[in-house]
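*Asks:* In full-length UniProt numbering, the protein residues as written are 1 to 421.
We treat Cβ as the ideally placed atom computed from N, Cα and C, and that holds for glycine.
What you are looking at is a predicted structure, and each value in this text was computed from that prediction instead of being measured.
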Ligand code: ADP
Ligand code: MG
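(1) Taking Cβ positions, are residue 179 and residue 74 nearer each other than 8 angstroms?
(2) Once the 5 residues before and after residue 223 are set aside, which same chain residues still bring their CB inside 6 angstroms of it?
(3) Please state whether the Cβ-Cβ distance between residue 94 and residue 67 is less than 8 angstroms.
(4) Taking the alpha carbon of residue 307 as the point to measure from, which residue in 264, 286, 242, 278 has its own alpha carbon closest?
(5) Cβ-heavy atom distance between residue 30 and the ligand ADP below 7 angstroms?
(6) For residue 90, write down the residues that DSSP places opposite it in a beta bridge.
(7) Can you name the start and end residues of the beta strand (DSSP E) that residue 281 belongs to?
(8) Relative to the C-alpha of residue 315, which residue among 354, 333, 367, 330 is closest?
(9) Is there contact here, the stretch 318-338 with the stretch 39-59, by at least three beta-carbon pairs under 8 angstroms?
(10) On the CB-based measure, 16 or more other CB atoms within 10 Å of its CB, does residue 98 come out buried or exposed?
(11) Spell out a yes or no on whether the stretch 216-234 and the stretch 345-358 are touching, meaning 3 or more CB-CB pairs, one atom from each, closer than 8 angstroms.
(12) In whole angstroms, give me the CA-to-CA distance for residue 393 and residue 408.
(13) On the three-pair Cβ rule with 8 angstroms, is the stretch 206-221 touching the stretch 276-294?
(14) Please state whether the Cβ-Cβ distance between residue 116 and residue 65 is less than 8 angstroms.
(15) Inspect the beta-carbon positions of residue 289 and residue 278 and report whether they are closer than 8 angstroms.
(16) From what residue to what residue does the beta strand (DSSP E) around residue 214 run?
(17) Please tell me whether, using a cut-off of 7 angstroms, the distance from the CB of residue 39 to the nearest non-hydrogen atom of the ligand ADP is below it.
(18) Taking 7 angstroms as the limit between beta carbons, can you name the residues of its chain near residue 199, skipping five residues before and five after?
(19) State yes or no: is the C-beta of residue 48 nearer than 7 angstroms to some heavy atom of the ligand MG?
(20) Quick one: is residue 76 buried, meaning 16 or more other Cβ sit within 10 Å of its Cβ, or exposed?
(21) The beta strand (DSSP E) with residue 13 in it runs from where to where?
(22) Say yes only if the C-beta of residue 144 is nearer than 7 angstroms to one or more non-hydrogen atoms of the ligand MG, and no if none qualify.
(23) Please go through the same chain and pick out, in chain order, the residues whose beta-carbon is closer than 6 angstroms to the beta-carbon of residue 331, but skip the five residues on each side of it.
(24) In the DSSP assignment, what residue or residues form a beta bridge with residue 337?
(25) Answer yes if the stretch 7-19 comes into contact with the stretch 168-184, meaning at least three C-beta pairs across the two stretches below 8 angstroms, and no otherwise.
(26) To the nearest angstrom, how far is the alpha carbon of residue 21 from that of residue 15?
(27) Taking residue 78 as the reference, give the member of 90, 230, 354, 356 with the closest Cα.
(28) Drop a sphere of 10 angstroms on the beta-carbon of residue 318, count the other beta-carbons inside from all chains shown, and report buried for 16 or more, exposed for fewer.
(29) Is the beta carbon of residue 397 less than 8 angstroms from the beta carbon of residue 406?
(30) Please state whether DSSP places residue 421 in a helix, a strand or coil.
(31) For residue 240 and residue 335, what's the separation of their Cα atoms in angstroms?
(32) Looking only at its chain, what residues have a beta carbon closer than 6 angstroms to the beta carbon of residue 57, apart from the 5 residues adjacent to it on each side?
(33) Given that a residue counts as buried once 16 or more other Cβ atoms are within 10 Å of its Cβ, and exposed if not, what is residue 153?
(34) With DSSP as the reference, please indicate the residues paired to residue 178 in a beta bridge.
(35) Straight-line CA distance for residue 355 to residue 109?
(36) Which first and last residues belong to the beta strand (DSSP E) in which residue 265 is found?
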């Protein structure tokens, strides 16, 4: 069966209601439909899910989708069902299902109704699931959040290391699709190696966010006052302030409130009701600023966040990129301001001291990159993109002048002295 561009457009419209592919999607989908191993690296929000959902819906057999997050799997399944004639088109297979439900899932797969089967990696290691999947037609296997396979990724999950074995047991020559938003060359190598797909056709989108302005300021005793001044200068705009600890979040949120800024705290120590209330207040613009730990942000899709402030420097460039990436989703202004003091790096090192040695070494290496980034005098955008394996020329590239180092160049020496404060 040969699938034309027109067929793809028609299916895109039919299943998702979109009239155009986003970025590299079309090429990825063609690669999957041709049965090749495929590797997709796109920033968060790039549209990776559709890359495997559409070909799964268009092909015979069931696509197995491995994903680490049960909540996200459920969302995706609900979304697919809402545009299909049969609820069985997508299923989740996990330990929360009772016997009758499992039977139904298996029946739908056997009858060729199920096009997408979402599984957590630990469910795939269950012997009877593997035995069952061996007996049915599998179109391909998609490994979402594939960086979980790498110790160098920000979310290492040992179960991901077994996937290659399991896929081979389920069937010979099942095409594998790996997808991730982590762009570091080291993690990419790990993914290809561990999934045994060095032959994969690779699609990598640019990680450049030309509308974001990157700025690092030395962190001094007056950091809170400095943050308050910045927010007041940006009155009425939405922003997020990240702090390392819950305590700091509470204190800073209070300081902002005292200064007449509409701000609320957000961290995992607050009860679920308060958290969701504060999140809604932010989305509905009843408040302007959320002061938060990194617990805030996953899945938050507010397009007009105008600034992201890091009161404390993050533990890796990936984290910095993810967190700053929540600014300017709509393509408009996005100011990313981080405060840096070397003693915060030492604090982060200390946090790791109880962890296994291998983890500490990786954590240390990631932190050294953060230090280099904070102390660099070259274009910050160039630094970030280089870290992600991407060449960038800030003389000609889009957004090339959108950082403090390029706008206000300073001599290396001056920069060094300043950060010692
Ligand atoms: P990722 O997994 O890469 O972070 P998602 O798959 O969650 O991204 O998609 C991000 C958003 O982009 C979703 O809201 C999705 O509906 C939307 N999207 C995906 N493909 C298209 C498209 N071709 N046209 C318009 N919107 C799209
Ligand atoms: Mg995704």
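*Replies:* Taking the geometry as given:
(1) In the chain shown, the residue the question calls residue 179 occupies position 179. In the chain shown, the residue the question calls residue 74 occupies position 74. Their beta carbons are not under 8 angstroms apart, which means residue 179 does not touch residue 74 by this criterion.
(2) As a first step, residue 223 must be located in the chain shown, where it is residue number 223. Cβ neighbours of residue 223 beyond the five flanking positions: 339.
(3) Here the question's residue 94 lines up with position 94 in the chain shown. Here the question's residue 67 lines up with position 67 in the chain shown. Contact: no.
(4) Stepping through the chain shown from its first residue, residue 307 is reached at position 307. It is 242.
(5) What you label residue 30 is simply residue 30 of the chain shown in a count that begins at 1. Incorrect: residue 30 has no Cβ contact closer than 7 angstroms to the ligand ADP.
(6) The residue given as residue 90 occupies position 90 in the chain shown. Bridge partners of residue 90: 116.
(7) In the chain shown, the residue the question calls residue 281 occupies position 281. Careful: residue 281 lies outside any beta strand (DSSP E), inside the alpha helix (DSSP H) at 272-283.
(8) Along the chain shown, read from residue 1 onward, the residue named residue 315 stands at position 315. Per the Cα distances, 367.
(9) yes
(10) Residue mapping note: residue 98 aligns to position 98 of the chain shown, counting from 1. It is exposed - the Cβ of residue 98 has fewer than 16 other Cβ atoms within 10 Å.
(11) no
(12) Position 393 of the chain shown, counted from the start, is the residue given in the question as residue 393. Position 408 of the chain shown, counted from the start, is the residue given in the question as residue 408. Their Cα atoms are separated by approximately 17 angstroms.
(13) no
(14) Residue mapping note: residue 116 aligns to position 116 of the chain shown, counting from 1. Residue mapping note: residue 65 aligns to position 65 of the chain shown, counting from 1. Yes. Within cutoff.
(15) What you label residue 289 is simply residue 289 of the chain shown in a count that begins at 1. What you label residue 278 is simply residue 278 of the chain shown in a count that begins at 1. Against a cut-off of 8 angstroms, the Cβ pair of residue 278 and residue 289 comes out as no contact.
(16) Working through the chain shown from its first residue, we reach residue 214 at position 214. Its beta strand (DSSP E) spans residues 212-218.
(17) Here the question's residue 39 lines up with position 39 in the chain shown. Not under cutoff, so the answer is no.
(18) Residue mapping note: residue 199 aligns to position 199 of the chain shown, counting from 1. 37, listed in sequence order.
(19) Taking the chain shown and counting its residues from 1, one reaches residue 48 at position 48. Yes, the ligand MG has a heavy atom inside 7 angstroms of this Cβ.
(20) Locating residue 76 in the chain shown gives position 76, where the first residue counts as 1. By the 10 Å Cβ count, residue 76 comes out buried.
(21) In the chain shown, the residue the question calls residue 13 occupies position 13. Not the beta strand (DSSP E): residue 13 falls in the alpha helix (DSSP H), residues 5-16.
(22) By one-based count along the chain shown, residue 144 stands at place 144. Residue 144: yes, Cβ under 7 angstroms from the ligand MG.
(23) The residue labelled residue 331 in the question sits at position 331 within the chain shown. Correct list, in chain order: 211.
(24) Reading the chain shown from its first residue, position 337 is the one you call residue 337. Residue 337 pairs with 215, 309.
(25) no
(26) For the purposes of this step, residue 21 is identified with residue 21 of the chain shown, where counting begins at 1. For the purposes of this step, residue 15 is identified with residue 15 of the chain shown, where counting begins at 1. Going from the Cα of residue 21 to the Cα of residue 15 covers about 13 angstroms.
(27) Taking the chain shown and counting its residues from 1, one reaches residue 78 at position 78. Measuring from the Cα of residue 78, the nearest candidate turns out to be 90.
(28) Within the chain shown, residue 318 is the residue found at index 318, counting from 1. When all chains shown are included, residue 318 counts as buried.
(29) Stepping through the chain shown from its first residue, residue 397 is reached at position 397. Stepping through the chain shown from its first residue, residue 406 is reached at position 406. Not in contact: residue 397 and residue 406 (Cβ atoms no closer than 8 angstroms).
(30) On the chain shown, residue 421 is found 421 positions in, with the first residue counted as 1. Note that residue 421 scores a pLDDT of 43, beneath 50, so its modelled location is shaky and nothing firm can be said.
(31) The residue you call residue 240 lines up with position 240 of the chain shown. The residue you call residue 335 lines up with position 335 of the chain shown. Rounded to whole angstroms, residue 240 to residue 335 spans 11 angstroms at the Cα level.
(32) For the purposes of this step, residue 57 is identified with residue 57 of the chain shown, where counting begins at 1. Counting only Cβ-Cβ distances below 6 angstroms, and skipping sequence neighbours, we find 15, 115.
(33) Counting from one through the chain shown, the residue named residue 153 turns up at place 153. Burial call: buried.
(34) Your numbering for residue 178 matches position 178 in the chain shown. Paired residue(s): 39, 143.
(35) By one-based count along the chain shown, residue 355 stands at place 355. By one-based count along the chain shown, residue 109 stands at place 109. Each residue's Cα considered, the two are about 43 angstroms apart.
(36) In the chain shown, residue 265 corresponds to position 265, counting from 1. Taken as a continuous stretch (DSSP letters only), the beta strand (DSSP E) holding residue 265 covers 263-266.
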